[in-house]
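Going by the working numbering, 121 is the number at position 118 of the sequence shown; the sequence numbering is gapless.
Glycine included, each C-beta is placed from N, C-alpha and C at the ideal position.
On a predicted model such as this, the values are computed, not experimentally measured, just so you know.
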Amino acid sequence: MTNKIPYIPPTFKVTSFNCSFCNAYAKQSWYRLHGYNGVASVKIEHSYACSCSHCGKYSIWYLEKMIHPDFSGVESHNDDLNEDIKRDYLEAASIVQKSPRGAAALLRLAIQKLCIQLGEKGKDLNTDIGNLVKKGLPVRVQQSLDALRVIGNEAVHPGVLDLRDDIKTASSLFKLINFIAEKMITEPKEIEKIYKKIPEAKKKQINERDKKQ
4 MTNKIPYIPP
14 TFKVTSFNCS
24 FCNAYAKQSW
34 YRLHGYNGVA
44 SVKIEHSYAC
54 SCSHCGKYSI
64 WYLEKMIHPD
74 FSGVESHNDD
84 LNEDIKRDYL
94 EAASIVQKSP
104 RGAAALLRLA
114 IQKLCIQLGE
124 KGKDLNTDIG
134 NLVKKGLPVR
144 VQQSLDALRV
154 IGNEAVHPGV
164 LDLRDDIKTA
174 SSLFKLINFI
184 AEKMITEPKE
194 IEKIYKKIPE
204 AKKKQINERD
214 KKQ
């Protein structure tokens, strides 16, 4: 099993983080933006450009917030998610800075779809997450979902805005989607790949051993 490299979100004036263009963890170089006023070059108030050493692309920052690209501080989605879930994830990432409530609504919908991908009905998140815990999802994930008001008697329906949601809530939902996918899809696939490399004779011995237990 490969160790997952921690994701470091783009942060103002930080010299290394995961680039929003190429997603690589790389050195970042900062430059104060200048304009021309007809006489001389002048500094543009509170505006900066940041260059990624890996892909060479520039992000633009104003008042210490990234305004280009329109995608800030969100880890890339797990590649094993279904395509429609990936689309919801990317759309939520594109609006999280401007509308965290809208992003959180999309992410709740993505969690519902993820439950369906994992073999659940997708109608009641409380029941679905409980079943996933029985299948091996860490109990702490269920506790986190409860704390975020994703499940329970006061649950907000998937795709519906919750006026209490903020960027912190949305950020936690991004992480939860990737964590659930990692534990329930990616890790079992990696284990299966390893098991398939075992010679058939050895697999037979393992099966015979297990029958005796």
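- Kindly provide the ranges of any alpha helix (DSSP H) runs that are 4 or more residues long and lie completely inside the region 50-113, ordered along the chain. 86-98
- Closest by C-alpha distance to K228, when choosing among D127, K207, Q100 and K116: A query on residue 228 cannot be resolved here, the shown segment of the chain reaching from 4 to 216 and no further.
- Span of the beta strand (DSSP E) around A29: On the sequence shown, residue 29 is found 26 positions in, with the first residue counted as 1. Counting along the chain, the beta strand (DSSP E) containing A29 begins and ends at Y28 to Y39.
- Identify, in the order they occur along the chain, each residue of the same chain with its Cβ nearer than 7 Å to the Cβ of F15, setting aside the five sequence neighbours on each side. Taking the sequence shown and counting its residues from 1, the one referred to as residue 15 is at position 12. Taken in chain order, the residues that qualify are W64 and E67.
- Would C118 be called buried (16 or more neighbouring beta carbons within 10 Å of its own) or exposed? Reading the sequence shown from its first residue, position 115 is the one you call residue 118. So C118 counts as buried.
- Alpha carbon of K116 to alpha carbon of I88, nearest angstrom: In the sequence shown, counting from the first residue as 1, residue 116 sits at position 113. In the sequence shown, counting from the first residue as 1, residue 88 sits at position 85. For K116 and I88, the distance between alpha carbons rounds to 7 Å.
- Which value, in whole angstroms, describes the spacing of the CA atoms of A204 and G125? For this step, residue 204 is matched to residue 201 along the sequence shown. For this step, residue 125 is matched to residue 122 along the sequence shown. When rounded, the distance between both Cα atoms is 41 Å.
- Message: Considering only their Cβ atoms, is the gap separating Y39 from A52 smaller than 8 Å?
- Response: By 1-based counting over the sequence shown, the position of residue 52 is 49. By 1-based counting over the sequence shown, the position of residue 39 is 36. Not closer than 8 Å, so no.
- Message: Using a Cβ-Cβ cutoff of less than 6 Å, which residues in the same chain neighbour N21 once the five nearest sequence positions on both sides are dropped?
- Response: For the purposes of this step, residue 21 is identified with residue 18 of the sequence shown, where counting begins at 1. Excluding positions up to five away in sequence, the list reads Y10, I11 and Y28.
- Query: If you draw a straight line from the alpha carbon of S174 to that of Y34, how long is it in whole angstroms?
  - Reply: Sequence index remark: in the sequence shown, residue 174 carries index 171 (1-based). Sequence index remark: in the sequence shown, residue 34 carries index 31 (1-based). Their backbone Cα atoms lie some 28 Å apart in a straight line.
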